[in-house]
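Going by numbering that gives the first Met the number 0, the sequence shown opens with residue 0, and the numbers climb by one from there. Working notes, structure below.
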Amino acid sequence: MKKITIGNEQLSYIEHGQGDTIVLIHGFCGSVDYWEYILPLLSDKYHVIAVNLRGHGSSTYSGAPFEIEDLANDMNKLLKKLGIEQVYMFGHSLGGYVTLAFAELFGKSLKGFGLIHSTAYPDTDAGKEGRLNAIRKIQDLGIEEFVNGLIPNLFADESLITLPNEVEKAKRIGYGTNGIAAMETQAAMRKRPDRNGVIEQANVPVLLVKGTKDKVVSLDRVASSSNQNVSEVRLDTGHMSMQEAPEELAKAIRSFIPSKTLT
Numbered sequence: 000m001k002k003i004t005i006g007n008e009q010l011s012y013i014e015h016g017q018g019d020t021i022v023l024i025h026g027f028c029g030s031v032d033y034w035e036y037i038l039p040l041l042s043d044k045y046h047v048i049a050v051n052l053r054g055h056g057s058s059t060y061s062g063a064p065f066e067i068e069d070l071a072n073d074m075n076k077l078l079k080k081l082g083i084e085q086v087y088m089f090g091h092s093l094g095g096y097v098t099l100a101f102a103e104l105f106g107k108s109l110k111g112f113g114l115i116h117s118t119a120y121p122d123t124d125a126g127k128e129g130r131l132n133a134i135r136k137i138q139d140l141g142i143e144e145f146v147n148g149l150i151p152n153l154f155a156d157e158s159l160i161t162l163p164n165e166v167e168k169a170k171r172i173g174y175g176t177n178g179i180a181a182m183e184t185q186a187a188m189r190k191r192p193d194r195n196g197v198i199e200q201a202n203v204p205v206l207l208v209k210g211t212k213d214k215v216v217s218l219d220r221v222a223s224s225s226n227q228n229v230s231e232v233r234l235d236t237g238h239m240s241m242q243e244a245p246e247e248l249a250k251a252i253r254s255f256i257p258s259k260t261l262t
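Laid out in structure tokens, this is it:
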């Protein structure tokens, strides 16, 4: 695990391989370990970087308030420090929100980007209330009890039976999340704007990965776009294809990069 200082935080990341750079951004209460099975399936052909967001994994959290845009700026500063000009960026769930903010703010740094079980829509009123409930639960019960309730809903029902070790692994990863950072992240997600326009106006390839059994992001809540640069892949998974079907997710990413690059 490598570490780099970005502002008041020390972000941890891993990198493997050579070639075009792929940046992978995990979801809420996740870490770079979410990508354990994906990394070897991509790093034989690409330079892959997976980053821990503030307060997740072994990245620090200083206690300062932040927005989704600040997390995107962390990615921008990381790439600048590493001397990398352009990348393909893929974000899972929360990571997708960061990816969309990055595309809006630093679009010239992208060769293409993708949302993995994420959405360009803002929270609904019910969703915003759910964020407040999540903050209260973390505050009242602590991060471990919150994660125990969160993780099972991320997997397809059959995966809970067939992949119990992966469910437990996801819980262990979640336990490593800083509780205060988790609450701040929920508040940041609650305030994020509608970014369908970022996808609609994208002049680089965009990949939307959807899970047909996703209980968190329904198929019709990913994005609305008629942009010809947008392609969609549906996987027979819940919200966690990187653990439920890593080969299929890696195949979707590998197919997207060479076949959809614009010249």
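Note that CB positions come from ideal geometry on N, CA and C, so glycine has one too.
- DSSP lists no beta-bridge partner residue for ALA180.
- Per DSSP, reduced to three states, the secondary structure at ARG233 is strand.
- For ASN202, same chain residues with a beta-carbon under 6 Å away, outside a window of 5 residues either side, do not exist.
- When beta bridges are read from the DSSP output, TYR12 appears opposite LYS1, VAL50.
- Here VAL146 is not near LYS168, since their CB atoms are 7 Å or more apart.
- Within the segment 19–65, the alpha helix (DSSP H) runs of at least 4 residues that lie entirely inside it are, in chain order, 38–41.
- CA-CA distance, GLU143 to GLY26, rounds to 16 Å.
- Between the beta-carbon of VAL22 and that of MET88 there is about 5 Å, and that keeps the pair under the 8 Å contact cut.
- Setting aside the 5 residues that flank it on each side, SER224 is surrounded in the same chain by ASN195, ILE198, GLU199, each with a C-beta closer than 7 Å to its C-beta; the list follows chain order.
- In the structure shown, LEU149 adopts helical secondary structure according to DSSP, grouped into three states.
- For GLY210, the number of other beta carbons within 10 angstroms of its own is at least 16, and it is reported as buried.
- Inclusion of TYR96 and ILE115 in the CB contact set at 7 Å is not warranted, their separation being larger than that value.
- Taking a cut-off of 8 Å for Cβ pairs, the segment 5–18 and the segment 44–62 touch, as three or more such pairs fall below it.
- Annotation: VAL229 to PHE112 spans about 10 Å, alpha carbon to alpha carbon.
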